[in-house]
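Peer 1: In my numbering, the protein residues as written are 184 to 1003. Where is the CB? At the ideal position from N, CA and C, for every residue including glycine. Would you mind keeping the following structure in view while I ask a few things?
Below, the structure is given as structure tokens:
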């Protein structure tokens, strides 16, 4: 049955690999698991809570089709199916969001729990749930009953990671789904990590040099005024616990689903379509691991049918198709939170913070942490007018006896209708209704692209503060209300577009609002090359599903051409030639060889390309030779912060390569002379060859990018599930395969976890991929069976017409019947 369900792609579209979330959950291999934890795929199961019979069929990759005669029964079954496929993932997500992971994982999770208790997502979740309509609350209640039906039936047969840990999973509450949504939103707080990293960098190099390390976008002025906010602060001695807080935030955002730091989506209008009808494509990126965050599901019930990508724990489709409208999401890179540096003092047992010249008492609350194998821990969390002090628990002992604290402010969600809006979006019957629903999504910052057969649209969602002063790029002085928030931007100011004259629209985490735009959307954007390549391909010729697949698997980088322009610029070509000539003979020969290959490189980062290997080695060496002397060693908090920022937004290394000739970082402080950019570039070119010879051998024609760059799927315990497999692409290609530029290896860290294409010109428009597998249970045959189709460019169809269901889902079904 597998072959008719799969749409095959010719090899020229490249090789890619499966993504898997860091919520890979088990450390045991399949032979250590009992299949008793698996729900059968056929037969009859009675379930208390159902009103009528429901059918569950699964396609060749285990993705379910739920057929029901009522929507409530369909939601109940969705909860049951999500739990049967991903209960371990759901339990961990909930514990993470609640700040209770130590109950399962022991003391090693305590810092993560401390952070999450401080952030207090339960408060946001409660507002979200309370603000939802009674209809939506009922949906969440019915979904929760379905989850609990699974937990009751399989209470003694849970997957081995939960069973072996001796953890008794609590029943699911409707509010838990709102909590998972709040965690998803928190996991997208990229600028939170950047703000904390900026403090680590300022501790190392000072505020004067900080802007050079944190550029906002190509050809934009460095954020000098933002760094000035931090001048005069003794960040080294007066701010305690920063590294611990930063590590905890990074850990949480990696664990949060989908943990996205990127994604792409685009829609092609009828005038650029081969069949005269719209197309939509979406791929959502996340860290590589098992299982993937995403779980495909299809529902057919009276007055409701849709298929798409869901997250277990939420009865919501984040990307999908309902027969009339398709929609997809990418990260808007929105900056909707701020860190405030607070001045603190203790008087007796009380903590005070400075606010406009007055010392105000910090709010205190006590939290009890239950730790596996240890006695409970009781600790106090403090809050200022801006929010929780992140280092009140996470600092070294006595952290808040120092002079400075870090408070996190996030948007208030009172009256927010986001949960309803996602449901309305999944039911929209035309692009106009999709547009209306998208404007009501406030609790999460997304680029939402939608389409019907004749129209396309794009809407930025979210809730964005109006800052009285400053950009929010770096932490602000909490004692000065000049930097406080003054309400939120009018949603009518959120960027959007509909049916553009160019015939296409799309996003790839690029700057979507010009600096100085009427609202402060963000100043943290990823490099523009993916969006530029998207424009190049989408704006050429006529499109169909096949060209959409080719775009999703495209491994061409446009940064290579920009490097060539830099090398040959009037102010660079001659100085670089002189700098190379001044090198020792062997280095001179290596530098000239490297430059020759870079100038001939076509930008295609295929896994088998020798020039692609040399190009990536050059980028890695340029990072090291430009910045390591001042930020190193590689184990230092500053270097780790710098490397992390390079993956979170536009990198300082790319910025320096394309310009910044006057940067102080061109000087190597470990030498007695003063270096300039041509000198460092000459050394980088020479080091590119010598490092390549060491890593790949002296036969440079045999070099291959995939021998350095590979996919390796691990579970949360760090055990290898699949790989290594040679990879092409990098962080600038549409088929993203990012790696950590500060490490000594090129192992892939970020890839597309989910791909979806909807071609309205086809009889059955939707097809998709899940990168690892439908199940988080290693005992399941669908634990990693999505990897191979993902590697081979195979998509599976999601038919909307009942006469086509048998072809994809077969005749075997599990029938759920009302129980007593």
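Could you check if residue 272 is buried or exposed, using at least 16 other CB atoms within 10 Å of its CB as the buried criterion?
Peer 2: buried
Peer 1: Across the stretch 621-634 and the stretch 563-572, are there enough close Cβ pairs to call them in contact, namely three or more that are closer than 8 Å?
Peer 2: The stretch 621-634, when compared against the stretch 563-572, does not touch it at the 8 Å Cβ threshold.
Peer 1: Rounding to the nearest angstrom, what Cα-Cα distance links residue 992 and residue 225 in this structure?
Peer 2: 12 Å
Peer 1: Identify, in the order they occur along the chain, each residue of the same chain with its Cβ nearer than 7 Å to the Cβ of residue 889, setting aside the five sequence neighbours on each side.
Peer 2: The residues 790, 791, 909, 910 and 911, in chain order, have a CB closer than 7 Å to that of residue 889 in the same chain once the five nearest residues on each side in sequence are set aside.
Peer 1: Using the C-alpha atoms, what's the distance from residue 550 back to residue 677?
Peer 2: 38 Å
Peer 1: Considering just the uninterrupted stretch of the beta strand (DSSP E) at residue 128, what are its terminal residues?
Peer 2: In this structure the chain extends from 184 to 1003, so residue 128 is not present and cannot be described.
Peer 1: Here's a check: name, in chain order, each residue in its chain whose Cβ is nearer than 6 Å to the Cβ of residue 374, leaving out the five neighbours to either side.
Peer 2: 518 and 707
Peer 1: Under DSSP, the alpha helix (DSSP H) around residue 937 begins and ends at which residues?
Peer 2: Under the DSSP assignment, residue 937 falls outside any alpha helix (DSSP H), being part of the beta strand (DSSP E) whose first and last residues are 931-942.
Peer 1: Can you tell which of 428, 475, 452 and 260 has the C-alpha that lies nearest to the C-alpha of residue 965?
Peer 2: 475
Peer 1: Going along the chain, which unbroken runs of the alpha helix (DSSP H) with 4 or more residues stay wholly within the stretch 652-721?
Peer 2: 712-721
Peer 1: Please determine, among 669, 633 and 660, the residue with the shortest C-alpha to C-alpha distance to residue 681.
Peer 2: The residue with the shortest Cα to Cα distance from residue 681 is 633.
Peer 1: In chain order, what residues of the same chain lie with their CB nearer than 8 Å to the CB of residue 538, ignoring the 5 residues before and after it?
Peer 2: 567, 568, 661, 662 and 664
Peer 1: With the cut-off set at 8 Å, would you say residue 917 and residue 734 are in Cβ contact?
Peer 2: yes
Peer 1: If you drop the 5 nearest sequence neighbours on each side, which residues of the same chain put their C-beta closer than 7 Å to that of residue 871?
Peer 2: The answer, listed in chain order, is 777, 797, 800, 801 and 804.
Peer 1: Hey, residue 368 and residue 516: beta-carbon distance below 8 Å or not?
Peer 2: In this structure, residue 516 does not lie closer than 8 Å to residue 368 by Cβ.
Peer 1: Among 269, 234, 968 and 701, whose alpha-carbon lies nearest the alpha-carbon of residue 497?
Peer 2: 269
Peer 1: Tell me whether residue 504 sits in a helix, a strand or coil according to DSSP, three-state version.
Peer 2: strand
Peer 1: Tell me the residue span of the beta strand (DSSP E) that contains residue 333.
Peer 2: Counting along the chain, residue 333 falls outside any beta strand (DSSP E), though it belongs to the alpha helix (DSSP H) covering 317-336.
Peer 1: Among 363, 839, 647 and 468, which residue has its Cα nearest to the Cα of residue 919?
Peer 2: 468
Peer 1: Sort 382, 998, 818 and 841 by Cα distance to residue 754 and report the nearest one.
Peer 2: Answer by Cα proximity: 841.
Peer 1: Nearest-angstrom Cα distance between residue 926 and residue 894?
Peer 2: 16 Å
Peer 1: Helix, strand or coil, according to DSSP, for residue 950 in the structure here?
Peer 2: strand
Peer 1: Taking residue 648 as the reference, give the member of 520, 326, 409 and 952 with the closest Cα.
Peer 2: 520
Peer 1: Of the choices 410, 714, 296 and 284, whose alpha-carbon is the least far from that of residue 915?
Peer 2: 714
Peer 1: Thinking residue 260 and residue 237 are a contact (beta carbons under 8 Å), I'd like their distance in whole angstroms, please.
Peer 2: 5 Å
Peer 1: Below 7 Å CB to CB, which residues in the same chain sit around residue 221 once its five sequence neighbours on both sides are set aside?
Peer 2: 960, 962 and 963
Peer 1: Is the stretch 304-321 touching the stretch 598-609 in the sense that three or more CB pairs, one from each, lie closer than 8 Å?
Peer 2: Because the criterion of three Cβ pairs below 8 Å is met, the stretch 598-609 and the stretch 304-321 touch.
Peer 1: How many Å lie between residue 281 and residue 304 at the Cα?
Peer 2: 7 Å
Peer 1: Ordered along the chain, which non-local residues of its own chain (more than five positions away) have a Cβ less than 6 Å from that of residue 655?
Peer 2: 518 and 521
Peer 1: Fully enclosed by the stretch 589-647, which beta strand (DSSP E) runs are 3 residues long or longer?
Peer 2: With a minimum length of 3 residues, the continuous beta strand (DSSP E) runs that stay inside the stretch 589-647 are 629-634 and 639-643.
Peer 1: Tell me which residues share the same chain as residue 485 and place their Cβ nearer than 8 Å to its Cβ, disregarding the 5 neighbours each side in the sequence.
Peer 2: 252, 253 and 254
Peer 1: Quick check on this structure: which residue in 388, 553, 533 and 552 has the alpha carbon closest to the alpha carbon of residue 544?
Peer 2: Nearest of 388, 553, 533 and 552 to residue 544, Cα basis: 533.
Peer 1: Nearest to residue 948 by alpha carbon, out of 390, 292, 728 and 278?
Peer 2: 728
Peer 1: For residue 433, collect the residues of the same chain with a Cβ closer than 8 Å to its Cβ; drop the 5 residues on either side in sequence, then sort them by chain order.
Peer 2: 376 and 827
Peer 1: Would you mind sorting residue 884 into buried or exposed? The rule is 16 or more other CB atoms within 10 Å of its CB.
Peer 2: The residue in question, residue 884, is exposed, as its Cβ has fewer than 16 Cβ neighbours within 10 Å.
Peer 1: Can you name the residues that DSSP bridges to residue 511?
Peer 2: Answer by DSSP bridge pairing, in chain order: 632.
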